[in-house]
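What follows is one structure encoded as structure tokens, with my remarks underneath.
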Amino acid sequence: EKGINIEPLFTSLRTFTHPTFFALEELHLIGQGIAKHVFELLTVSMKKTYNKAIALRYAPTEEELEEENITSAIDWPFTFEIPKDKLIEIGSFIELSRPTVPTTFSSKWENPIEQSGGNRGVDWIDFLLYMVPTTFVPALLHNNVKKPLLFLCKACAVALKWRITREDLTMMKSAFNQWNTFLLNEIRQKRIQPGVLKPVQHYLIHVPMIEKQGVLRTYSGRSMERTIGRYKKLIKSKVNAGSNAGNVLERFAIYGHVNSLNINLRETLNLLEPKKRTTNDFVPLDPSDDTAPELWSPLFQCPLSTLPCGVSDRQFTSALQRYYRREYCGPHEFVNTRSGVVNGAGRAWFDDIVYTSSFFKDHINERRRGNNYVMFAVSHLK
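Per the UniProt record's numbering, the sequence shown starts with residue 1, numbered consecutively.
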């Protein structure tokens with residue numbers, strides 16, 4: 001009868017908790033759902049052809065008109081009645097207020113009477129939370145609708161907070177119940193059609209299930225909606241839309257991976273222009289002599305106890321002593337290591353030759369074994 005022939009697969013999950021399993025997404029429930037529905041109800045007098053709420057006006061019979069002493073069905077009371085001239089005035093006031101709207105607002109904040117087409121979920125949410133209580137509610141002809149509508153706006157505002165207390169949950173339950181009770185009473189009073197009770201009105205009763213699902217904002221689809229909008233602009237193929245979408249997704253994935261790497265992409269890909277050097281890229285051992293040896297980047301400083309490339313402090317000190325003996329032709333040369341700090345470089349330039357260290361090869365992830373300079377030290381020869 002309901003079109004469901006087999007048990008849904010979701011019911012086999014251990015986490016399936018009946019109605020609480022299905023999350024209530026703020027942009028669709030409150031934005032494109034309740035807020036848009038309220039807008040349609042409040043702007044019926046504009047008689048826009050796309051306004052579905054026009055069909056919710058009650059159509060009285062001749063007997064009902066005579067009983068209420070009303071001459072025409074047009075004059076029959078409608079719950080959310082706001083005169084057309086008032087709506088036009090409200091729209092102009094909202095348009096005039098745009099210069100005073102804080103930049104933190106994510107909506108476009110335009111005249112809702114003239115510019116309601118193409119509104120996003122965030123636009124409808126701002127309409128319900130800020131425009132309805134301040135401009136639309138005071139213009140309602142029937143006072144009995146003002147309080148329930150304000151309760152609805154307040155409960156939706158609380159539901160969209162990042163932190164919700166037990167008192168907030170109790171308030172939301174009470175406010176949504178009052179709103180639905182009010183609509184049922186208006187249907188009984190024949191001021192509106194039963195079609196006003198759309199499924200989205202029922203979903204409001206499930207909002208207090210926040211205590212089981214978590215705050216609405218924590219599983220909102222805002223970021224996903226922005227991504228979908230970005231993809232829609234890039235997917236333009238009308239023949240192979242699937243392939244086009246796949247290429248777009250792949251390109252975004254590649255960009256995301258490359259941007260996550262700790263590299264300067266512009267410098268890495270610029271193979272033609274010579275790299276710009278600064279005084280921080282090299283250290284001349286004799287600034288007054290252009291032919292003197294130079295230490296080239298990457299320059300580093302490290303403690304003697306934690307030398308790079310697995311070199312121990314004993315090996316380093318021994319090699320340095322042997323160098324001094326060769327350089328100064330002495331039997332022994334004392335190496336002062338009391339500072340405990342070594343200044344090093346990845347490369348060295350001497351006699352128009354660039355000497356590259358193992359530290360530099362690790363720095364650029366080079367694994368070639370060629371072009372290595374090896375010195376043998378023989379201890380038993382004099």
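Idealized CB from N, CA, C, for every residue including glycine.
Query: Cβ-Cβ separation, P138 to F182 (assumed contact under 8 angstroms), whole Å; Result: F182 to P138, Cβ: 18 angstroms. No contact.
Query: Limits of the unbroken alpha helix (DSSP H) element including W296; Result: W296 -> not in any alpha helix (DSSP H); beta strand (DSSP E) instead, spanning 294 to 303.
Query: L129 to A157 span [Cα, whole Å]; Result: 6 angstroms
Query: Coarse secondary structure for G91, derived from DSSP in three states; Result: helix
Query: Start-to-end residues for the alpha helix (DSSP H) that takes in R314; Result: 313 to 328
Query: Cβ pair count under 8 angstroms reaching 3, the region 119 to 133 against the region 60 to 74; Result: no
Query: Proximity below 9 angstroms, CB of P303 to CB of G340; Result: yes
Query: Ordered list of alpha helix (DSSP H) runs contained in the region 47 to 92, each at least 4 residues; Result: 62 to 67
Query: Sequence-distant residues of its chain with Cβ nearer than 7 angstroms to W76 (five each side left out); Result: Y58, P60, I70
Query: Which residues DSSP lists as bridging M347, in chain order; Result: Reading off the sequence shown, one finds Arg at residue 347, where the question assumed Met. Bridge partners of R347: W296, T356.
Query: P8 beta carbon near the ligand ZN (any heavy atom closer than 8 angstroms); Result: The ligand ZN is not part of this structure, which contains no ligands at all.
Query: Local conformation of residue 383 per DSSP, three classes; Result: Because the chain spans 1 through 382 in this model, residue 383 falls outside it and cannot be assessed.
Query: When E63, A348, T100, S116 are compared against L87, the one with the closest alpha-carbon; Result: S116
Query: Chain-order list of residues whose beta-carbon lies under 8 angstroms from that of N5 (same chain, five-residue window excluded); Result: none
Query: Cβ-based neighbour list, L381, same chain, cut-off 6 angstroms, excluding 5 preceding and 5 following; Result: Caution is warranted here: a pLDDT of 49 is assigned to L381, below 50, making its placement in the model unreliable, and no coordinate value can be reported.
Query: For P133, three-class secondary structure by DSSP; Result: helix
Query: Backbone CA spacing between L141 and A35 [nearest angstrom]; Result: 20 angstroms
Query: 8 angstroms contact criterion, which A155 and M171 should meet: CB distance rounded; Result: 7 angstroms
Query: Pairwise C-alpha distance: Q213 and V207; Result: 9 angstroms
Query: Rounded separation between N180 and K190 - CA only; Result: 15 angstroms
Query: Spatial distance of G221 from F151 (CA atoms); Result: 25 angstroms
Query: Own chain residues within Cβ distance below 7 angstroms of H363, not counting five before or after; Result: P298, G346
Query: 9 angstroms Cβ cutoff met for I125 and S107; Result: yes
Query: Per-residue burial, T100 [other beta carbons within 10 Å of its own, 16 or more giving buried]; Result: exposed
Query: For L261 and V248, believed in contact at Cβ under 8 angstroms, the rounded distance; Result: No, V248 and L261 are not in contact; Cβ-Cβ is about 21 angstroms, not under 8 angstroms.
Query: Best match in N51, Y323, P293 for proximity to V196 [C-alpha to C-alpha]; Result: N51
Query: First and last residue of the uninterrupted beta strand (DSSP E) at P199; Result: No beta strand (DSSP E) contains P199, which is instead part of the alpha helix (DSSP H) from 199 to 203.
Query: When L13, T11, L29 are compared against V200, the one with the closest alpha-carbon; Result: L29
Query: Sheet register partners of P284 (DSSP bridge); Result: E294
Query: Proximal residues to S92 (C-beta, below 8 angstroms), its chain only, five neighbours per side dropped; Result: N111
Query: With 16 other Cβ atoms within 10 Å as the buried cut-off, status of Q301; Result: exposed
Query: Residue of L184, F359, A253, Q178 minimising C-alpha distance to Y231; Result: A253
Query: Member of E250, E114, W296, F78 whose CA lies at the smallest distance from the CA of I90; Result: E114
Query: Pair within 9 angstroms by beta-carbon distance, I192 and L56; Result: yes
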